[in-house]
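Numbering (the numbering used here), first residue to last: 8 to 234.
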C-alpha cells in the first residue's frame, strides 16, 4: 500500500499565478509547504460543515501543484474543486496518465503495519461525511495557521473544543479479531472495529468509554491499551 492511493493514483495539476492561493482556499493542508521542498503531504477536501469529501496528497509537479487521489475519484474531485474556480487565473489538467507513484518517496506498508501504526485507510476508517479529526487527521492533514478554506470554521471550532464524539483507536484482541460493532460487557455500543489483522485492530471508540475497558466484538474480548 502506497499512501492509500489504490491500485493506480489519479492526479490533477493546477498551474497559473493563482494556483497556490486557490488551492489553499480548497484544501486543509498549507499548499505553500510543498513548493520547492519536495514534500508529499496529505490533505483533506471538506464541505462547508467540515465533513470529509476526499483525502488527497499535495506535491509540486513540473508545471504546477499536483493534487493526487485514488484514480476512481479523479473526475469527482475535479468537479468539486473547479466548482469554486471563477475569476482565478488557474489552469487545471488531468495528468493521471503521466503520474507514477514511484516518482514519490513513499514507503510500502502492509496491512499489519498500517494497523499497528494506527494509519486510517479510505473505505475502512475514512469515509465521506465523517469529521477528519475523528480519524486523527488533524495531526497530519490540517494546517491551523494558513487561513480560510471551505470547512475551516467548523474544524477550527472542533480544535478549540478539544473533543469529537468518537476517536480512532488501536485495539488488541484476546484471540483472532474481527470487524464489527464494539460493545461493553453490558451490551452497550461503544464503537466500531473497522480493520483487523490477527490480534491487532483499528477502529473508533466513542467519547467517554474508559480506555482500558473490557470490550467485545462478536463475542471476542478486546481492549484498547495500545498507544
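For glycine and all other residues, C-beta sits at the position ideal for the given N, C-alpha and C.
In the DSSP output, what is residue i paired with across the bridge?
i           : result
residue 197 : Answer is none; residue 197 lacks a bridge partner.
residue 101 : 19
residue 208 : 178 and 203
residue 227 : 224
residue 213 : 173
residue 133 : 129
Pull up the distance between the alpha-carbon of residue i and that of residue j, whole angstroms please.
i           : j           : result
residue 234 : residue 166 : Its pLDDT being 48, under 50, residue 234 is placed unreliably by the model, and the measurement read from it follows with that caveat. So the alpha carbons of these two residues sit roughly 21 Å apart.
residue 98  : residue 118 : 37 Å
residue 138 : residue 58  : 5 Å
residue 17  : residue 194 : 43 Å
residue 219 : residue 231 : 6 Å
residue 197 : residue 184 : 16 Å
residue 158 : residue 227 : 39 Å
residue 156 : residue 28  : 10 Å
residue 134 : residue 91  : 23 Å
residue 174 : residue 144 : 11 Å
residue 61  : residue 49  : 11 Å
residue 199 : residue 192 : 15 Å
residue 67  : residue 169 : 33 Å
residue 12  : residue 106 : 12 Å
residue 85  : residue 186 : 33 Å
residue 46  : residue 82  : 24 Å
residue 26  : residue 39  : 10 Å
residue 44  : residue 225 : 47 Å
residue 181 : residue 104 : 46 Å
List the whole-angstrom C-beta distance separating residue i from residue j, where the pair is believed to meet the contact cut-off of C-beta under 8 Å.
i           : j           : result
residue 132 : residue 201 : 5 Å
residue 37  : residue 150 : 4 Å
residue 72  : residue 63  : 11 Å between Cβ atoms; not a contact.
residue 24  : residue 96  : 5 Å
residue 125 : residue 209 : 6 Å
Is the Cβ-Cβ distance between residue i and residue j less than 8 Å?
i           : j           : result
residue 31  : residue 153 : yes
residue 207 : residue 189 : no
residue 20  : residue 100 : yes
residue 161 : residue 214 : no
residue 223 : residue 216 : no
residue 120 : residue 211 : no
residue 34  : residue 87  : no
residue 6   : residue 93  : A query on residue 6 cannot be resolved here, the shown segment of the chain reaching from 8 to 234 and no further.
residue 41  : residue 65  : yes
Is any non-hydrogen atom of the ligand SAH found closer than 7 Å to the C-beta of residue i, if you look at the structure I gave you?
i          : result
residue 36 : This structure simply doesn't include the ligand SAH, nor any ligand for that matter.
Handout entry: Segments of 3+ residues assigned as beta strand (DSSP E) that fall wholly inside the stretch 19-90
Key = Within the stretch 19-90, the complete beta strand (DSSP E) runs of at least 3 residues are 48-53, 59-67 and 72-77.
Exercise for the section: Could you tell me which uninterrupted alpha helix (DSSP H) segments, each at least 4 residues in length, are contained entirely in the stretch 135-197, listed from first to last along the chain? Expected result: Within the stretch 135-197, the complete alpha helix (DSSP H) runs of at least 4 residues are 159-168.
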